[in-house]
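Reviewing the structure listed below.
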Amino acid sequence: MAQNNNPDAHMILVEEALDIIMGHVAETPVEEVVSWRAVGRPLARDVATDIDLAPFANSAMDGYAVHARDLAEADDGHPVVLEVVGHEAAGHVFEGSVGEGQTVRIMTGAPVPEGIDAVVKYEIVEVLDGDGNEGSHVAFRKPACVGENIREAGLEARRGDVVMRAGEVVTPAGAGLLANAGAHTVAVHRAPRVGIISLGTELVDGSVVPARGQIRDVNAPALMASACDAGAEPTLYGIAPDDEDRICELVRRAARECDVVVTSGGASAGDYDYVTALVQREGEVLFDRISMRPGKAVTFGMLDGTPFFGLSGNPAGAFIGFELFVRPAIRKMLGHSELFRPVQTARVTHDVKKRQARRFYNRARVERDAQTGELEVTQAPTQNSAMLVDLHRGNCLLVMPDGEGGAQAGDEVSVLRYDLPEGTVL
Ligand code: AMP
Ligand code: MG
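Residue numbering for the sequence shown follows our numbering, beginning at 53 and increasing consecutively.
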């Protein structure tokens with residue numbers, strides 16, 4: 053990258069940054085996992101069922117299995133009486149044949165006996181003698197339709213049919229479907245290993261009471277949580293002080309061991325900010341400034357084939373940088389087709405100032421007005437980048453587009469919903 057005294061000279065747009073990132077991250081290798089463990093992950097390969105679903109015609113009701121023709125004449129004045137010759141309970145199959153004038157007591161899900169074409173629900177059948185099982189007689193006061201209360205075999209899928217396609221995200225219901233299809237395990241992309249490093253001599257671990265001039269490392273836990281939430285497997289490499297060798301050692305180790313490296317801090321061209329220079333020297337820097345606020349100091353590059361994200365040190369910038377750039381990259385590595393959070397339109401409840409060309413991602417909360425049903429968005433009172441409370445309590449980023457010019461109370465604005473999954477239908 054060409055040298056220039058103005059660090060903002062190679063500032064690029066958010067979309068340009070995303071294009072570069074997506075061009076440099078690839079899906080992780082495929083692994084087999086127990087199907088229910090794949091919940092929330094897209095399948096890497098199609099899954100076909102090894103049996104018909106359902107495997108046999110079965111009853112949709114607790115009741116009596118009949119030949120519909122036997123009940124053709126049934127009415128209130130002339131009930132038809134059938135003899136009960138067997139029963140079907142959970143795991144107990146009636147193997148005999150049901151003749152004319154005969155019926156079998158049947159439970160929901162039990163296989164429908166050979167030749168049977170209807171099930172009459174228990175509630176409308178009168179037991180004349182005995183307990184309703186073998187030897188009893190039961191009366192019917194209405195005809196039954198052919199097929200009534202019978203679920204045909206193969207209704208959901210035929211043996212060999214693909215029941216879940218590559219790319220489909222496994223849901224809890226889908227985990228049941230996979231089990232039914234005989235897929236004890238499924239192929240998914242391995243959760244990307246994300247190495248997290250905090251840079252700054254002033255940082256101490258959260259377990260320590262900071263001395264004057266020190267601050268607790270809040271980015272590492274926030275980014276670890278964000279990585280988990282994105283479906284990745286985070287590893288904490290700890291804090292590196294602003295010392296070139298220490299940073300180099302940690303970053304290189306993380307790059308060797310992980311699929312992605314994420315640092316925060318040390319990326320703002322301050323006196324002690326070595327990380328961009330390090331990636332430049334040891335690998336390749338693809339950009340180091342994005343036209344946005346907060347968190348414009350985002351470095352992206354490649355270190356020994358591993359994507360590297362150097363996020364801004366201020367906590368709001370680090371969090372938003374992860375949301376906007378690292379999370380979609382992780383999703384791409386997992387094979388998701390929906391990479392981005394949903395964006396919706398809402399009416400802003402107050403004026404929004406903007407005197408810079410950079411795109412703003414203001415911390416905000418969107419609610420539906422109880423009276424009008426309209427979405428209304430209200431910005432957090434302060435946009436102080438050191439504070440995380442408003443990102444914690446908020447649910448969206450109010451996106452003020454590139455170029456100067458704010459918004460007025462009542463204007464429609466875009467809000468990025470970081471509380472909703474990618475692909476949510478709004
Ligand atoms: P830097 O990018 O190193 O210039 O950091 C920008 C600001 O964020 C400074 O005030 C840092 O003290 C602060 N900061 C950097 N890293 C962290 C962190 N891990 N936790 C909390 N604050 C941080
Ligand atoms: Mg620093």
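Cβ coordinates follow ideal geometry from the N, Cα and C atoms, glycine included.
All values derive from a computational prediction rather than experimental measurement.
Outcome for residue i when other beta-carbon atoms lying within 10 angstroms are tallied against a minimum of 16
| i | result |
| --- | --- |
| A124 | exposed |
| V261 | exposed |
| P81 | exposed |
| D471 | exposed |
| S149 | exposed |
| G318 | buried |
| T19 | Outside the shown range of the chain, which is 53 to 478, sits residue 19, and nothing can be said about it. |
| L478 | exposed |
| G265 | exposed |
| P346 | buried |
| N58 | exposed |
| I64 | buried |
| V133 | exposed |
| G462 | exposed |
| C197 | exposed |
| P286 | buried |
| D294 | buried |
Sequence-distant residues of its chain with Cβ nearer than 7 Å to residue i (five each side left out)
| i | result |
| --- | --- |
| L443 | A368, F371 and R415 |
| F146 | G138, H139, E140, V156 and P165 |
| L288 | I248, A272 and M276 |
| A306 | G247, I249, Y289 and V313 |
| R210 | D104 |
| P224 | V91 |
DSSP bridge partner residues for residue i (one or two, in chain order)
| i | result |
| --- | --- |
| D181 | H189 |
| K173 | G115 |
| P286 | V246 |
| L427 | R420 |
| A124 | According to DSSP, A124 bridges with nothing at all. |
| I158 | G115 and E140 |
| F412 | R345 and M452 |
| A100 | V214 |
| F339 | F352 |
| L95 | V240 |
| Q396 | V467 |
| N110 | P163 and R203 |
| A459 | V404 |
| E83 | V240 |
Contact test: residue i Cβ vs the ligand MG heavy atom, cutoff 8 Å
| i | result |
| --- | --- |
| L251 | yes |
| G226 | no |
| G347 | no |
| D325 | yes |
| G369 | no |
| D295 | no |
| G322 | yes |
| G365 | yes |
Close Cβ partners of residue i (< 6 Å) along its chain, the five nearest in sequence each way excluded
| i | result |
| --- | --- |
| V312 | P244, V246 and P359 |
| T476 | P394 |
| K481 | Here the chain covers residues 53 to 478 and nothing more, so residue 481 does not appear. |
| Q55 | Legend: pLDDT at Q55 = 49, less than 50; position of this residue unreliable, value from coordinates given subsequently. For Q55, where only same-chain residues beyond five positions count, there are no Cβ hits under 6 Å. |
| N232 | L105 |
| D356 | A307 |
| R410 | S343, M344 and R345 |
| A274 | F371 |
Near the ligand AMP: residue i beta-carbon under 8 Å from a heavy atom
| i | result |
| --- | --- |
| R341 | no |
| N436 | no |
| P262 | no |
| D442 | no |
| L255 | yes |
| A319 | yes |
| I299 | no |
| D269 | yes |
| A272 | yes |
| S278 | no |
| S259 | no |
| S87 | no |
| S316 | yes |
Chain B contact for residue i (CB, 9 Å cutoff)
| i | result |
| --- | --- |
| G167 | As a matter of chain content, chain B is missing from the structure shown, which is built from one protein chain. |
Residues near residue i by beta carbon distance below 8 Å, same chain, minus five either side
| i | result |
| --- | --- |
| T397 | L427, E464, V465, S466 and V467 |
| G436 | Note that residue 436 is Asn in the sequence shown, not Gly. Closer than 8 Å at Cβ, skipping near neighbours: A368. |
| M439 | P367 and A368 |
| R203 | A106, A109, N110, S111 and A112 |
_So within the segment 193 to 252, which uninterrupted beta strand (DSSP E) runs reach at least 3 residues, ignoring any that extend past its ends?_
214 to 216, 237 to 241 and 245 to 251
*What are the uninterrupted segments assigned as beta strand (DSSP E) that are 3 or more residues long and contained completely in the segment 343 to 383, given in chain order?*
351 to 355 and 358 to 363
*Curious, which full-length beta strand (DSSP E) runs of at least 3 residues does the segment 266 to 322 contain?*
285 to 292 and 312 to 316
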